[in-house]
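Residue numbers (the UniProt record's numbering): 1 to 137.
Below, the structure written as structure tokens:
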């Protein structure tokens with residue numbers, strides 16, 4: 001999902017709704033989604049969240065009140081948000097935004113399963129950063 005698929009829908013409008021904490025995106029195929037900032041944040045495509053390979057994902061918690069402070073375009077294929085918790089390394093392609101919007105129910109259900117498996121809830125504060133043995137940062 002790194003790039004834009006040929007013929008894939010592209011955003012016609014993107015609106016940040018700070019009060020309700022959602023990003024509203026309308027696509028060229030007529031689809032329109034209201035994607036919660038929290039969902040965007042917990043499914044960030046960044047290495048910080050996704051890890052560097054399967055099974056290395058970092059479960060994100062305590063993001064219910066996260067705000068979107070800035071949204072910068074990345075070429076003609078993506079946006080890069082800056083969140084109130086300092087996270088700003090995720091680049092969200094149009095494909096990813098479409099998937100986050102279209103699959104919200106499944107993504108929330110998966111998140112709830114991961115939380116339960118970890119014995120935490122979505123409001124549990126994140127553990128302090130440290131001990132991340134990546135080597136390349």
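Glycine residues also receive a C-beta, built at the ideal position from the N, C-alpha and C atoms.
All figures in this text were calculated on a predicted structure; none of them were measured in a lab.
Output the boundary residues of the beta strand (DSSP E) element that contains residue i.
{"i": "residue 41", "result": "No beta strand (DSSP E) contains residue 41, which is instead part of the alpha helix (DSSP H) from 37–42."}
{"i": "residue 66", "result": "From DSSP, residue 66 is part of no beta strand (DSSP E); its letter is neither H nor E."}
{"i": "residue 56", "result": "That residue, residue 56, is in no beta strand (DSSP E); it is neither H nor E in DSSP."}
{"i": "residue 10", "result": "Per DSSP, residue 10 belongs to no beta strand (DSSP E) and is neither H nor E."}
{"i": "residue 26", "result": "22–27"}
With 16 other CB atoms within 10 Å as the buried threshold, where does residue i fall?
{"i": "residue 38", "result": "buried"}
{"i": "residue 60", "result": "buried"}
{"i": "residue 113", "result": "exposed"}
{"i": "residue 18", "result": "exposed"}
{"i": "residue 44", "result": "buried"}
{"i": "residue 55", "result": "exposed"}
{"i": "residue 22", "result": "buried"}
{"i": "residue 117", "result": "exposed"}
{"i": "residue 73", "result": "exposed"}
{"i": "residue 136", "result": "Summary for residue 136: the model assigns pLDDT 37, below 50, so the residue's position carries little reliability, and this model does not support an answer."}
{"i": "residue 53", "result": "exposed"}
Kindly give me the distance between the Cβ atoms of residue i and residue j, rounded to whole angstroms, as I take these residues to be in contact under 8 Å.
{"i": "residue 15", "j": "residue 28", "result": "Not really, about 16 Å apart at Cβ, beyond 8 Å."}
{"i": "residue 79", "j": "residue 71", "result": "5 Å"}
{"i": "residue 92", "j": "residue 126", "result": "About 20 Å; that fails the 8 Å criterion."}
{"i": "residue 46", "j": "residue 90", "result": "4 Å"}
Look at the Cβ atom of residue i, then the Cβ atom of residue j, and state whether they are nearer than 8 Å.
{"i": "residue 86", "j": "residue 123", "result": "no"}
{"i": "residue 68", "j": "residue 83", "result": "yes"}
{"i": "residue 49", "j": "residue 35", "result": "no"}
{"i": "residue 8", "j": "residue 108", "result": "no"}
{"i": "residue 42", "j": "residue 111", "result": "yes"}
How far does the alpha helix (DSSP H) with residue i in it extend, from its first residue to its last?
{"i": "residue 50", "result": "47–50"}
Complete runs of the alpha helix (DSSP H) confined to the region 73–121 [at least 4 residues]:
Correct list: 94–102, 104–118.
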